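Undergrad: Got a structure for you, questions after.
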Amino acid sequence: MNVTRATFDEVMVPNYNPAAMVPVRGEGSRVWDQNGVEYVDFAGGIAVNVLGHCHPELVKALNEQGSKLWHLSNVFTNEPALRLATKLTDATFADRVYFANSGAEANEAALKLARRWALDKFGEEKDQIIAFNKGFHGRTFFTVTVGGQAAYSDGFGPKPGAVEHCEYNNLEAFEKLISDKTCAVMMEPLQGEGGIISPDPEFVKGVRELCDKHNALLIFDEVQSGVGRTGHLYAYMGLGVTPDILTSAKSLGGGFPVGAMLTTTAIAEHLKPGTHGSTYGGNPLACAVAEKALDIVNTPEVLNGVEAKEALYRELLGKINDKYHVFEEIRGKGMLLGCALNKDYEGRARDFLVESANQHLMVLIAGANVVRFAPSLIIPEEDIREGLARFERAVAAVVEAK
Ligand SMILES: Cc1ncc(COP(=O)(O)O)c(C=O)c1O
């Protein structure tokens, strides 16, 4: 059957507007479309393809598990899920893991757990959830309400209640909002969708202290920042602040859909049998691939390499900016970088994305003012140089058209 981009407009719900070409194959940080045109991939499936496309070890793990056992549901447990959970707890603060299929589902579980924990321990008055402006936590109705972007949560009827927002990196505002009524605080330890905004370490420490003071759980949403992206296995490890609950997805499966919520034994106890669940959570195929991805990412070789790659991006982007004067700053950490546009190009991130595609480069945006790169952690130097040469041509085209 012959399908093209036009088929999308005929048969798909129009909530997405994908690019004009249809990718058919990927290898490492290169992708080919239906016409055989080759692209450099700085988008990484939106911070997912942590080891690039079709990493041979991940393909092998998937094939091996694919000929053994595909699915059981949670009526039974399975070896890949148990191994992955053991490795995640060994590598982090957590003692317990709940598996989901996506970031939103991991966050939904975290929020429900926090509410149940507070209800069990303190009663129904303690229900407030605090989150941050420009935060992003997924598209289920609870997570989109906790996310700090009204554009995504408005227009769907009554929202879940007792959710309040505050400015990121503003400890004074946060201190005014938190109280003994607060059951949980959800934050990204590096805001992704909101524009690649790094946390002030003192702010994060202050949030932790105030959570402790008011008996509120601190939930770190590491769906985008986790699994090596910042050069640490999880971003909290670089901040020196430990959450009570952590959520992970995206890079966790290296491209296979999987999510996880990590927490301590004492908190986990409040999700008793039957209180929450998912048909596919902990699926053996997903967990087998994620186990292999974690084995590869959680090594000094990969994690230490991230810093050098970030330095190369920053150096070459700086040179582009010296020539074209389009960025106010390059921000973010590791392989989650944002080129924030200056006043002259305000609101035009999409133009840079479109011109990059014309130059056969895949990039992302994070809001209207930031061009975002979230490539593979093991992207070769050659691909960084080639991709940024294409990006320079895209920048030149935007500047020329101005
Ligand atoms: C920080 C963060 N949390 C949650 C999500 C939602 O993840 P998913 O799309 O897998 O539901 C995202 C997705 O962009 C994210 O960046």
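Under the working numbering, the first residue of the sequence shown carries the number 1, and numbering increases by one thereafter. Ideal placement from N, C-alpha and C gives every residue a C-beta, glycine not left out. Keep in mind the model is a prediction, meaning the values are calculated, not measured.
With a cut-off of 8 angstroms on the beta carbons, I'd call M261 and A109 a contact; round off their distance for me.
TA: As a working mapping, residue 261 is identified with position 261 in the sequence shown. As a working mapping, residue 109 is identified with position 109 in the sequence shown. 5 angstroms between Cβ atoms; contact.
Undergrad: Alpha carbon to alpha carbon, how far is A266 from A249?
TA: Here residue 266 corresponds to residue number 266 of the sequence shown, with the count starting at 1. Here residue 249 corresponds to residue number 249 of the sequence shown, with the count starting at 1. Those two C-alpha atoms are separated by around 23 angstroms.
Undergrad: Just the C-alpha distance for P80 and N49, rounded to the nearest angstrom, thanks.
TA: Here the question's residue 80 lines up with position 80 in the sequence shown. Here the question's residue 49 lines up with position 49 in the sequence shown. Each residue's Cα considered, the two are about 20 angstroms apart.
Undergrad: How big is the Cα-Cα spacing for S73 and Y345?
TA: Walking along the sequence shown from the start, residue 73 turns up at place 73. Walking along the sequence shown from the start, residue 345 turns up at place 345. Computed Cα separation, rounded: 50 angstroms.
Undergrad: With distances taken between CB atoms, is the gap from D244 to T263 smaller than 8 angstroms?
TA: For this step, residue 244 is matched to residue 244 along the sequence shown. For this step, residue 263 is matched to residue 263 along the sequence shown. It is a contact, given that the beta carbons lie within the stated cut-off.
Undergrad: Nearest-angstrom Cα distance between T4 and A19?
TA: By one-based count along the sequence shown, residue 4 stands at place 4. By one-based count along the sequence shown, residue 19 stands at place 19. Going from the Cα of T4 to the Cα of A19 covers about 11 angstroms.
Undergrad: Residues bridged to S248 by DSSP?
TA: In the sequence shown, the residue the question calls residue 248 occupies position 248. Note: S248 sits in a beta bridge opposite A260.
Undergrad: Answer yes or no: the CB of G161 versus the heavy atoms of ligand 1, is any distance below 7 angstroms?
TA: In the sequence shown, residue 161 corresponds to position 161, counting from 1. No, ligand 1 has no heavy atom inside 7 angstroms of this Cβ.
Undergrad: Could you spell out the range, first to last residue, of the alpha helix (DSSP H) harbouring L62?
TA: Here residue 62 refers to the residue found at position 62 of the sequence shown. From DSSP, the alpha helix (DSSP H) with L62 extends over P56 to G66.
Undergrad: If we call anything under 8 angstroms between Cβ atoms a contact, is I130 one with G332?
TA: Translated into positions along the sequence shown, residue 130 becomes position 130. Translated into positions along the sequence shown, residue 332 becomes position 332. For I130 and G332, no; Cβs fall outside 8 angstroms.
Undergrad: In the DSSP assignment, what residue or residues form a beta bridge with W32?
TA: Start at 1 with the first residue of the sequence shown, and residue 32 comes out as number 32. In DSSP, W32 forms a bridge with R25 and E38.
Undergrad: Compute the minimum distance between the beta carbon of I46 and the heavy atoms of ligand 1, and state whether it is under 7 angstroms.
TA: Indexing the sequence shown from 1 puts residue 46 at position 46. Yes - ligand 1 has a heavy atom lying nearer than 7 angstroms to the Cβ of I46.
Undergrad: Considering only the alpha carbon of each residue, which of A61, Q149, G318 and F141 lies closest to P160?
TA: Residue 160 sits at position 160 when you count from the first residue of the sequence shown. Minimum Cα distance to P160 is reached at F141.
Undergrad: According to DSSP, is A366 helix, strand or coil?
TA: Position 366 of the sequence shown holds residue 366. Correct three-state label for A366: coil.
Undergrad: Between the beta-carbon of A340 and the beta-carbon of I365, is there less than 8 angstroms?
TA: Taking the sequence shown and counting its residues from 1, one reaches residue 340 at position 340. Taking the sequence shown and counting its residues from 1, one reaches residue 365 at position 365. Not in contact: A340 and I365 (Cβ atoms no closer than 8 angstroms).
Undergrad: Taking the beta carbon of D383 as the centre, do at least 16 other beta carbons fall within 10 Å, making it buried, or is it exposed?
TA: In the sequence shown, residue 383 corresponds to position 383, counting from 1. Result: buried.
Undergrad: Nearer than 7 angstroms: is that true of the beta carbon of E108 relative to any heavy atom of ligand 1?
TA: Looking up residue 108 in the sequence shown gives position 108. Result no, Cβ not under 7 angstroms from ligand 1.
Undergrad: K323: which of H137, K60 and E392 sits nearest, CA to CA?
TA: Position 323 of the sequence shown, counting from 1, holds the residue named residue 323. Taking only the C-alpha atoms, the option nearest K323 is E392.
Undergrad: With a cut-off of 8 angstroms, do at least 3 Cβ pairs link the segment 372-387 to the segment 40-60?
TA: Yes, since at least three Cβ pairs between the segment 372-387 and the segment 40-60 fall closer than 8 angstroms, the two stretches touch.
Undergrad: Considering only their Cβ atoms, is the gap separating A216 from C183 smaller than 8 angstroms?
TA: Taking the sequence shown and counting its residues from 1, one reaches residue 183 at position 183. Taking the sequence shown and counting its residues from 1, one reaches residue 216 at position 216. The answer is yes: Cβ separation under 8 angstroms.
Undergrad: For P300 and G123, I'd like the C-alpha separation in whole angstroms.
TA: As a working note, residue 300 is residue 300 in the sequence shown. As a working note, residue 123 is residue 123 in the sequence shown. Taking the straight line joining both Cα atoms gives about 45 angstroms.
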